[in-house]
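Residue numbers (the numbering used here), protein chains in the order written: chain X, 236 to 519; chain Z, -14 to 387. Below is one structure, written out as structure tokens, with a few remarks after it.
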Amino acid sequence: MIYLSQIVNGIGLGMLYFLLAVGLSIIFGLLHFVNFAHGAFYLLGAYLCYALLQHGIDFWWAITLAGLIVAAFAALVEAGLLRRIYRLDHMYHIVATIGLALMIQEFVIIVWGPVGASVSTPPALVGVVMLGNFIYPEYRIFVVGFTAVLALVLWWLLEGTRLGAIVRAGSESSDSISLLGYDIKRINTAVFALGAGLAALAGGLATPIRGLDPFMGVEALAIAFVVVVIGGMGSFTGALIAGLLVGIVQSLMATIWPEGASLAVYIAMVVVVLVMPRGLLGRA
Amino acid sequence: MLHRRQFLKFSAFAAASLAAPGFLRSAFAAGGEITLAAPLPMSGAFASNGKYGSIGTSMAINDAGSILGRKLSYLELDTEGSSATAVRKVQDAMQQRHATLFAGGILSSTALAMSQEINKRDGVLFTTAGADTITGSKCNKATFRWSVPTYGAINETVRPLIDKMPNAKRWYTITPKYVFGEDLLSAAKDVFKEKGIQHVGNSYHSLDTQEFSGYITNALSVRPDVLLLLNFGSQSTACLRQAVNFGVKNRMTIVVAWASGLEQFKALGPDVVENVYFGAQYWHAIDSPFNKQLVAEVKKEKGINPDYALASAYMITKLLIDGARKAGSIDGPAVAKSLEGMEYDGLTGKETIRAADHQVIKNYYLLKGKAKANMKDADDYVEIVNYGQSFRSAKQEQCVMG
């Protein structure tokens, strides 16, 4: 029974991890850009959500606004800085985004201080659901459902619409898309803003679960990269499967090998990379 | 196109860079001054403890002004919560700044590592770390500890709660897998055995995890009467918050054996804190003359109530300064000698530095979270429900001064 409980808990955890990683996966998959500021956008989203709540704004509006504000900020960063280095070596991407991440982290410390903070669960989702010995918070169930719906919407947007087709074509050959009359720069900006906005949304949704602290971005970035590497770099479906795999492994290991539960996630990544070097659904 | 190997290499590089912003922060002072160094976790998961520890240390130094006719200067060393980094920075401070006085080392693992190094180089370390071995089997002539070790923390929290809740016979523990957690767990098991409590399970976790839902699921599956959290800092904050999210508070009593006090309660918020029991080294409402004096000073200068990190850092820094004045020297062994057996009015009332193992004999407190409606001010999160002193003898602690 305990293993079944842990698998169910792991599915919930995995959906959270997918939500964390999906923005990174989109940016990498479509822009071939390694965004080490992804965790910082998550952090900024969490703190903006917190700040809006402090000003009396409703939780649902707060997470929506936080996502939009971070997306707008990311669009400015992309247009003002990152688009100038897309064609440079990946080391430039890394240096630029790490610098950006450190600036955002220090900004959070300056504005909100190094001490963590707490966000209450929305009143409508305060309770727990009980199935025998298995107990699960209603808010986490909501996040799982929300993430599932979000995954479907993103999949439809990227795979089932003309806009998605243009974006995907742009990721294969930006020059060809430009020759067809599409503004590839705008498309790239939109994709980057979407990825960053999703990170911020994840940050806002995570606040009632894990609270806030200025270093939460680093933790989120590590998990996001593990999910993206296991799933296959740039694979949307791979990120979903990997998120679930990581969540279930971590949760099951909490019973089987508790002290190694976090380590098991990285062992799983190593095993997947050794057996399937491109990840579960990575492209050649 | 980025290849997988490059991607993994870049990831490792980036993770290391993001985890080490503390390189950017350090304080330097001019020559001719006496340097008092504070090795604290200024970045990483325990940064909030480091920030307030740093405030406490600098306040104590400012209050003292100078010793032995020389100005005191403050050197902040960011340990990043890592033993290796802490030892390297201590070595640098001793070699380059001739520092001999060290106040800090919040984490047991870093304090133990620094303790050996400082002893080897004839310095003196006053720490607030919790592991029993610091003044036990790994004690040495250079190391002093202000905080009550894990044995006392457990005996002043678990024991009174067992007496208070005679029907709560089934206890579950969640423990970080390092020396501090192991010591707390060992002490808790001893009390369980003595009191006839059934220890229905324990979940170990690593020092870096912030996701506790799996461990909470383990605990819920065995239906204990009490969930005893043996972790510290941001981990106990995350673990407690998630336990409350899972409805644990409505099903059993939650006890946090070693809370960081006010800053932790602020991070958790009154809804989470309510009805939870916390063990604590310090609370700003302690009724002692020296504490009242410190609280007034911190309120005046910083506009806040002192938390454990700030108050304990102030205390250990003051003790080092008092020790140097008494010794008439900043030489480590001389300062250590002058501190041995010292009695003074401390934050928790009369406190004594036991000569045999360099442990400060002081009170440990059991606090209970108040309902938000009962809070008299924004910081009035808890009430003191019990306090006392529990220490094994230096011989029982197996301290042989080296």
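Built from N, CA and C at the ideal position, the CB exists for glycine as well.
DSSP state of residue i mapped onto helix, strand, coil
{"i": "V133 (chain Z)", "result": "coil"}
{"i": "M488 (chain X)", "result": "helix"}
{"i": "F369 (chain X)", "result": "strand"}
{"i": "P449 (chain X)", "result": "coil"}
{"i": "F376 (chain Z)", "result": "coil"}
{"i": "W391 (chain X)", "result": "helix"}
{"i": "I289 (chain Z)", "result": "coil"}
{"i": "P318 (chain Z)", "result": "helix"}
{"i": "Y299 (chain Z)", "result": "helix"}
{"i": "S263 (chain Z)", "result": "In the sequence under discussion, the amino acid at residue 263 (chain Z) is Phe, which differs from the Ser named in the question. F263 (chain Z) falls in the strand class under three-state DSSP."}
{"i": "E494 (chain X)", "result": "helix"}
{"i": "V507 (chain X)", "result": "helix"}
{"i": "E407 (chain X)", "result": "helix"}
{"i": "G334 (chain Z)", "result": "strand"}
{"i": "L316 (chain X)", "result": "coil"}
{"i": "L323 (chain X)", "result": "coil"}
{"i": "R155 (chain Z)", "result": "strand"}
{"i": "T42 (chain Z)", "result": "helix"}
{"i": "I346 (chain Z)", "result": "strand"}
{"i": "I19 (chain Z)", "result": "strand"}
{"i": "G351 (chain X)", "result": "coil"}
Whole-number beta carbon distance between residue j and residue i, since they are thought to touch under 8 angstroms
{"i": "V463 (chain X)", "j": "F263 (chain X)", "result": "6 angstroms"}
{"i": "N368 (chain X)", "j": "L205 (chain Z)", "result": "7 angstroms"}
{"i": "A252 (chain Z)", "j": "G315 (chain X)", "result": "Incorrect: roughly 35 angstroms between the Cβ atoms, too far for contact."}
{"i": "G274 (chain X)", "j": "A336 (chain X)", "result": "6 angstroms"}
{"i": "R31 (chain Z)", "j": "L97 (chain Z)", "result": "Before going on, a small fix: residue 31 (chain Z) reads as Phe here, not Arg. About 15 angstroms separates the two Cβ atoms, so there is no contact after all."}
{"i": "V305 (chain X)", "j": "A474 (chain X)", "result": "Going by Cβ atoms, the distance from V305 (chain X) to A474 (chain X) rounds to 20 angstroms, so no, they are not a contact pair."}
{"i": "L214 (chain Z)", "j": "A242 (chain Z)", "result": "7 angstroms"}
{"i": "I237 (chain X)", "j": "G482 (chain X)", "result": "Wrong, their Cβ atoms sit about 16 angstroms apart, outside the cutoff."}
{"i": "I139 (chain Z)", "j": "L169 (chain Z)", "result": "6 angstroms"}
{"i": "G334 (chain X)", "j": "G302 (chain X)", "result": "The Cβ separation is near 23 angstroms, so there is no contact."}
Distance between residue j and residue i (C-alpha atoms, nearest Å)
{"i": "V143 (chain Z)", "j": "V211 (chain Z)", "result": "10 angstroms"}
{"i": "S33 (chain Z)", "j": "A256 (chain X)", "result": "27 angstroms"}
{"i": "Y366 (chain Z)", "j": "L266 (chain X)", "result": "49 angstroms"}
{"i": "L414 (chain X)", "j": "E407 (chain X)", "result": "14 angstroms"}
{"i": "M361 (chain X)", "j": "I119 (chain Z)", "result": "Note that residue 361 (chain X) is Val in the sequence shown, not Met. C-alpha separation (whole angstroms): 43 angstroms."}
{"i": "V505 (chain X)", "j": "F377 (chain X)", "result": "32 angstroms"}
{"i": "P349 (chain X)", "j": "L60 (chain Z)", "result": "20 angstroms"}
{"i": "H269 (chain Z)", "j": "N276 (chain Z)", "result": "7 angstroms"}
{"i": "I159 (chain Z)", "j": "G186 (chain Z)", "result": "9 angstroms"}
{"i": "G108 (chain Z)", "j": "D316 (chain Z)", "result": "7 angstroms"}
{"i": "Q249 (chain Z)", "j": "T222 (chain Z)", "result": "7 angstroms"}
{"i": "L192 (chain Z)", "j": "E325 (chain Z)", "result": "34 angstroms"}
{"i": "Y267 (chain Z)", "j": "Y372 (chain Z)", "result": "10 angstroms"}
{"i": "G446 (chain X)", "j": "L323 (chain X)", "result": "38 angstroms"}
{"i": "A69 (chain Z)", "j": "T95 (chain Z)", "result": "8 angstroms"}
{"i": "T472 (chain X)", "j": "A78 (chain Z)", "result": "52 angstroms"}
{"i": "N290 (chain Z)", "j": "F460 (chain X)", "result": "40 angstroms"}
{"i": "A496 (chain X)", "j": "E328 (chain Z)", "result": "46 angstroms"}
{"i": "I271 (chain Z)", "j": "V258 (chain Z)", "result": "19 angstroms"}
{"i": "F177 (chain Z)", "j": "V426 (chain X)", "result": "57 angstroms"}
{"i": "Q383 (chain Z)", "j": "G121 (chain Z)", "result": "5 angstroms"}
{"i": "K361 (chain Z)", "j": "I369 (chain Z)", "result": "14 angstroms"}
{"i": "T333 (chain Z)", "j": "T113 (chain Z)", "result": "14 angstroms"}
{"i": "I465 (chain X)", "j": "F165 (chain Z)", "result": "34 angstroms"}
Buried or exposed (CB count within 10 angstroms, at least 16 for buried), residue i
{"i": "Q340 (chain X)", "result": "buried"}
{"i": "A227 (chain Z)", "result": "A quick correction: the sequence has Gln, not Ala, at residue 227 (chain Z). Its Cβ being crowded by 16 or more others within 10 Å, Q227 (chain Z) is buried."}
{"i": "E65 (chain Z)", "result": "buried"}
{"i": "Y285 (chain X)", "result": "buried"}
{"i": "T296 (chain X)", "result": "Checking the sequence, you will find Trp at residue 296 (chain X) rather than Thr. The residue is exposed, with fewer than 16 neighbouring Cβ atoms inside 10 Å."}
{"i": "G416 (chain X)", "result": "exposed"}
{"i": "G16 (chain Z)", "result": "Since pLDDT at G16 (chain Z) reaches only 48, below the 50 mark, its modelled position is unreliable, and no value is offered."}
{"i": "E102 (chain Z)", "result": "buried"}
{"i": "H290 (chain X)", "result": "exposed"}
{"i": "K285 (chain Z)", "result": "exposed"}
{"i": "P512 (chain X)", "result": "exposed"}
{"i": "N216 (chain Z)", "result": "buried"}
{"i": "L411 (chain X)", "result": "Looking at the sequence shown, residue 411 (chain X) is not Leu but Ser. Classification of S411 (chain X): exposed, given that the 10 Å Cβ count is below 16."}
{"i": "K388 (chain Z)", "result": "A question about residue 388 (chain Z) goes unanswered here, because the residues of chain Z that appear run from -14 up to 387."}
{"i": "F13 (chain Z)", "result": "Any reading at F13 (chain Z) must be qualified, since the residue scores a pLDDT of 38, below 50, and its modelled position is unreliable; no value is offered."}
Ordered list of alpha helix (DSSP H) runs contained in the region 46 to 116 of chain Z, each at least 4 residues: Complete alpha helix (DSSP H) runs here, min 4: 68 to 81, 93 to 105.
Give the list of continuous alpha helix (DSSP H) stretches no shorter than 4 residues that lie fully inside the region 248 to 312 of chain X. 273 to 289
Please list the segments of the alpha helix (DSSP H) lying wholly inside the region 175 to 256 of chain Z, counting only runs of 4 or more residues, in order along the chain. 198 to 206, 218 to 230, 247 to 253
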